[in-house]
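Encoded as structure tokens, the structure appears first; notes follow it.
In the working numbering, the protein residues as written are 1 to 721.
What follows is the structure in structure tokens.
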């Protein structure tokens with residue numbers, strides 16, 4: 001027995017020490033694992049935590065400016081002050097008012113009718129009578145009743161795999177409509193948890209009530225924001241005035257979850273906005289879509305160009321975005337800002353436009369004359385070029401629109417879209433019109449280049465000409481008399497002479513000269529800033545049409561008087577006037593003088609570009625310029641009303657028919673340049689549905705020249721040269 005006892009004792013000791021050794025080994029292994037987990041892998045867990053709790057937010061840059069030739073800022077970035085709601089601060093409170101507002105909004109959306117109670121009614125009811133029903137709608141229609149019943153049915157429908165219907169606190173689901181009324185059971189809403197959306201809605205109502213401004217966001221807007229942009233502030237009101245800011249500071253600064261927030265916005269010079277709307281375009285909020293850059297989790301929407309220069313040079317003007325790192329909590333709400341990298345401001349454009357001449361052009365175009373055969377706003381366009389280099393000094397289109405109002409008012413935008421006069425259409429660049437008699441100088445130059453002897457050819461004008469059995473009339477029904485010369489033809493704008501000349505020499509000489517003047521080709525108005533060696537932004541369209549062939553003799557005759565399938569843009573006719581004025585150099589119109597990539601970068605100048613030197617014999621040019629001189633400075637048939645003091649001015653009127661002949665619709669033109677001996681201005685001027693170029697356009701052109709020559713000092717204000 002003793003031996004057995006000793007043997008048992010020895011075995012027990014061994015077992016104990018073995019177990020102890022195993023425990024020590026396990027502790028050692030566990031310690032090693034803990035060290036590896038806490039020390040070696042710690043940085044890895046930090047990175048995982050960072051990825052899960054940190055969001056990268058894109059910040060928009062301040063948009064660049066657009067200046068006129070003299071440094072007048074025509075488009076600028078200004079502060080857009082907003083009343084912001086910070087939903088992260090509105091999660092805790094339980095509010096019967098908020099619950100009631102949320103339910104009322106949901107019902108209003110469902111039945112498509114606003115409630116018959118106000119926010120004040122709800123607050124008063126909750127304060128004094130919350131145990132009783134609150135009648136929110138009275139005298140509802142049968143359609144509204146059915147919509148309400150469907151709303152309740154949808155809200156209480158059993159979930160997937162469930163048998164019992166859901167409850168709907170605040171509504172008597174068995175009798176949601178009593179008589180013709182819908183009531184809210186506010187007593188039931190005391191026990192209902194309040195959503196962040198409901199608390200946010202209540203805050204919006206409270207701010208609206210305190211400072212007296214209407215709400216701009218709906219319950220659905222709030223829910224959408226919380227779902228998609230939870231860490232960011234919600235802009236409940238934008239573009240608020242200084243007066244509204246002062247009211248907010250006085251009445252709302254004690255409220256939790258709201259503050260004033262700043263965003264960059266676009267503003268156009270008030271005195272020039274309408275005159276420049278088509279040229280500059282406008283900006284709108286950037287599309288609320290996921291960013292192409294996956295490194296950003298959220299994108300605070302900036303502004304982007306939508307039309308005109310704002311659109312075509314959006315890449316330059318918008319700058320480079322910055323970012324901030326935002327830490328969020330477990331619910332996805334904003335916790336704190338961690339890191340900030342500021343945006344880089346956008347680049348600037350300086351145009352060749354002279355703001356004063358632009359205003360003069362708009363005033364002359366939009367003025368009303370007693371002889372105007374139309375009512376309502378003038379429809380037309382004016383382009384003023386410097387014939388010495390192609391600089392665009394003015395370019396305006398009427399009717400116009402205010403880009404400031406376009407940005408701020410959806411109602412204004414909708415009214416423009418339905419306006420039959422098409423106020424947002426840029427007639428100066430994209431309008432397509434038959435040029436009428438303003439094209440006769442080009443035709444005459446084409447003939448004289450290839451048939452110089454035609455300078456001495458005369459024709460008789462009895463008031464019409466028979467072409468293949470078809471009577472083609474002159475605008476002078478009784479004719480211009482016999483032995484009419486080409487120069488007299490230009491002054492009197494005789495169609496019959498042009499018919500006979502066109503049939504004598506054929507279509508090709510006229511077509512070739514028209515091509516040399518750039519007709520039927522893109523103008524290259526918008527240079528490609530990445531390719532300044534002649535590159536330009538084209539949209540695939542020609543600003544007009546020049547048919548390669550004419551259909552029969554009538555087609556040849558129609559081209560000779562600027563009719564038929566020939567269509568041009570006012571900008572192209574300004575280029576025609578400019579090339580005639582300067583002796584045959586066709587310049588690409590230069591709209592942008594220079595640009596820079598940002599405030600800290602030097603300006604880069606856009607060079608003047610001569611497209612071609614048109615081959616025009618000096619004698620031909622002298623004859624045609626003489627005829628245009630006679631139109632303004634000549635005899636009884638001329639547009640003498642254009643004259644300004646002693647300044648010599650050349651021009652050519654035009655009246656182009658369009659539409660069914662029996663309707664008698666006409667667009668009225670005039671191209672011009674001045675001073676005659678040393679031209680500084682070349683102008684194309686069109687008014688739609690006028691009477692004649694000499695009666696509808698010429699008086700307006702006089703006003704434009706008067707203002708220009710007073711402005712540049714050629715004549716004293718109100719006086720002569």
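Each residue gets a CB set at the ideal place from its N, CA and C atoms; glycine is no exception.
Contact check, residue 138 vs residue 116, beta carbons under 7 Å: yes
Burial state of residue 45 (16 or more Cβ within 10 Å): Note that residue 45 scores 47 on pLDDT, short of 50, meaning its location in the model is unreliable and no value can be drawn from it.
For residue 433 and residue 656, believed in contact at Cβ under 8 Å, the rounded distance: Yes, they are in contact, since the Cβ atoms of residue 656 and residue 433 sit about 6 Å apart, within 8 Å.
Straight-line Cα distance separating residue 30 from residue 2: Model confidence at residue 2 stands at a pLDDT of 36, short of 50, so the residue's coordinates are unreliable; what they give is reported in the following sentence. The alpha-carbon atoms of residue 2 and residue 30 are separated by roughly 42 Å.
Per-residue DSSP class, three states only, for residue 89: The answer is helix: DSSP assigns residue 89 an H, G or I state.
Residue span of the beta strand (DSSP E) that contains residue 472, given as start and end: 470 to 473
For residue 63, the nearest candidate out of 665, 396, 561 and 310 (CA to CA): Considering only alpha carbons, the answer is 310.
Beta strand (DSSP E) segment containing residue 55, residue limits: 54 to 59
Cβ contact check for the region 369 to 377 and the region 254 to 272: 3 or more pairs under 8 Å: no
Touching by the beta-carbon criterion (3+ pairs, under 8 Å), the region 373 to 390 and the region 678 to 686: yes
Residue nearest to residue 172 in terms of C-alpha spacing, selected from 153, 163 and 158: 153
Identified DSSP bridge partners for residue 726: Because residue 726 is not part of the residues shown, which for the chain are 1 to 721, the question remains open.
Helix, strand or coil at residue 683 [DSSP, three-state]: strand
Residues that DSSP places opposite residue 466 in a beta bridge: 471
Residue closest to residue 323, alpha-carbon to alpha-carbon, out of 356, 586 and 54: 54
Integer-rounded CB distance, given that residue 360 should sit under 8 Å from residue 689: Going by Cβ atoms, the distance from residue 689 to residue 360 rounds to 23 Å, so no, they are not a contact pair.
Residue 164 classed as buried or exposed, judged by whether at least 16 other C-beta atoms fall within 10 angstroms: Exposed, since its Cβ has fewer than 16 Cβ neighbours within 10 Å.
Run of the beta strand (DSSP E) containing residue 546, from where it starts to where it stops: No beta strand (DSSP E) contains residue 546, which DSSP labels as neither H nor E.
Range covered by the alpha helix (DSSP H) that runs through residue 129: 119 to 129
Limits of the unbroken alpha helix (DSSP H) element including residue 135: Segment 134 to 137 is the beta strand (DSSP E) holding residue 135; no alpha helix (DSSP H) there.
Rounded straight-line distance, which links the Cα of residue 692 to that of residue 446: 26 Å
Three-pair Cβ contact test at 8 Å for the region 460 to 473 versus the region 697 to 704: no
Where residue 437 sits in the DSSP three-state scheme: Note: residue 437 maps to helix in three-state DSSP.
Residue 449 versus residue 659: straight-line alpha-carbon distance, rounded: 33 Å
Residue environment, residue 488, which counts as buried when at least 16 other CB atoms sit within 10 Å: buried
Continuous alpha helix (DSSP H) stretch holding residue 700: start and end: 698 to 711
Pair within 7 Å by beta-carbon distance, residue 302 and residue 403: Pairing residue 302 with residue 403 gives a Cβ-Cβ distance that is not under 7 Å.
Cβ distance (whole Å) where residue 87 is taken to contact residue 333 below 8 Å: 7 Å
Range of the contiguous alpha helix (DSSP H) that encloses residue 481: Element bounds for residue 481: not the alpha helix (DSSP H) but the beta strand (DSSP E), 481 to 484.
Residue 118 versus residue 320: straight-line alpha-carbon distance, rounded: 45 Å
Alpha helix (DSSP H) runs wholly inside the region 210 to 298, at least 4 long, in chain order: 219 to 228, 242 to 251 and 273 to 280
Same chain, Cβ closer than 6 Å to residue 483, five either side skipped, listed in chain order: 458
Distance, residue 674 Cα to residue 647 Cα: 8 Å
6 Å Cβ shell around residue 317 - same chain, five flanking residues per side excluded: In the same chain as residue 317, and ignoring 5 residues on each side of it, the C-beta atoms closer than 6 Å to its own belong to 63, 64 and 346, in chain order.
Same chain only: Cβ atoms within 6 Å of residue 338, ignoring 5 sequence neighbours per side: 325 and 327
For residue 355, the three-state DSSP class (helix, strand or coil): helix
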